[in-house]
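Accompanying notes for the structure given below.
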Amino acid sequence: MSANSPEPPGTVDVVLVKGGRTKIRYAAVPVADDGVRMVVRAPWAGAGVRDFGFVRFEPGDVFTEYYWRDRWYAVKEVRDGGGRLKGWYCDITRPAVRTGTELVVEDLDLDLWRSADGTDVRRLDEDEFAASGLAQRDPAAAGAAVAALGELESLAREGGFTALLA
Numbered sequence: 000m001s002a003n004s005p006e007p008p009g010t011v012d013v014v015l016v017k018g019g020r021t022k023i024r025y026a027a028v029p030v031a032d033d034g035v036r037m038v039v040r041a042p043w044a045g046a047g048v049r050d051f052g053f054v055r056f057e058p059g060d061v062f063t064e065y066y067w068r069d070r071w072y073a074v075k076e077v078r079d080g081g082g083r084l085k086g087w088y089c090d091i092t093r094p095a096v097r098t099g100t101e102l103v104v105e106d107l108d109l110d111l112w113r114s115a116d117g118t119d120v121r122r123l124d125e126d127e128f129a130a131s132g133l134a135q136r137d138p139a140a141a142g143a144a145v146a147a148l149g150e151l152e153s154l155a156r157e158g159g160f161t162a163l164l165a
């Protein structure tokens with residue numbers, strides 16, 4: 000199936016694992032899956048409003064989420080209920096694994112935000128990443144995570160994710 004081919008109707012459960020435990024599970028509608036990159040769409044899965052100070056995620060927001068089976072990140076385009084782009088929230092993760100109707104992603108604590116206009120690019124949760132002990136337990140994974148964050152930050156500062164998500 001090509002990146003632009005629609006998935007069959009239905010849903011897939013996105014399972015975000017952190018520290019070996021399921022952090023959140025939610026249903027998403029598959030948009031495309033070319034065998035390397037899977038795209039799903041889902042409403043904001045959090046309870047109520049989550050205000051980060053630089054962006055608010057709230058009921059009615061829609062996330063178009065891009066997951067790769069060969070990259071150490073996920074990029075989530077965030078729009079409000081009226082379709083206005085808020086920005087992109089990026090999770091540093093191990094490569095995604097799809098098994099049947101589940102898409103499992105292991106969150107590695109590092110995140111990146113890029114506002115819709117590109118004026119706000121910020122690294123998030125570096126303290127959590129350092130405290131996770133990943134660098135000691137799995138230095139190769141920690142190195143891949145840091146490299147992925149650097150790659151995303153470069154893309155975010157050099158014009159955004161258009162080419163990556165096309």
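Mapping of the sequence shown onto numbering that gives the first Met the number 0: position 162 corresponds to residue 161, and the numbering continues sequentially without gaps.
All C-beta atoms, glycine included, are put in the ideal place defined by N, C-alpha and C.
In the structure shown, GLY45 adopts coil according to DSSP, grouped into three states. The C-beta separation of THR63 from VAL38 comes to about 7 Å, placing the pair in contact by the 8 Å criterion. Exclusion of the five residues before and after ASP110 leaves TYR88, CYS89, ASP90, ILE91, ARG122, LEU123, ASP124 as the residues of its chain whose Cβ lies within less than 8 Å of its Cβ. With contact defined as three or more Cβ pairs closer than 8 Å, the stretch 15-26 and the stretch 95-109 are in contact. Distance from the CA atom of THR161 to the CA atom of ALA139, rounded to whole angstroms, is 29 Å. With a threshold of 16 other beta carbon atoms within 10 Å, PRO58 falls short and is exposed.
DSSP places VAL145 in no beta strand (DSSP E) but in the uninterrupted alpha helix (DSSP H) bounded by 138-156. Relative to the Cα of GLU76, the nearest Cα in the group ALA146, GLY34, ALA115 belongs to ALA115.
DSSP places THR161 within a helical segment (H, G or I) once states are collapsed to three.
Boundaries of the beta strand (DSSP E) harbouring GLU101: 101-114, taken from the DSSP string.
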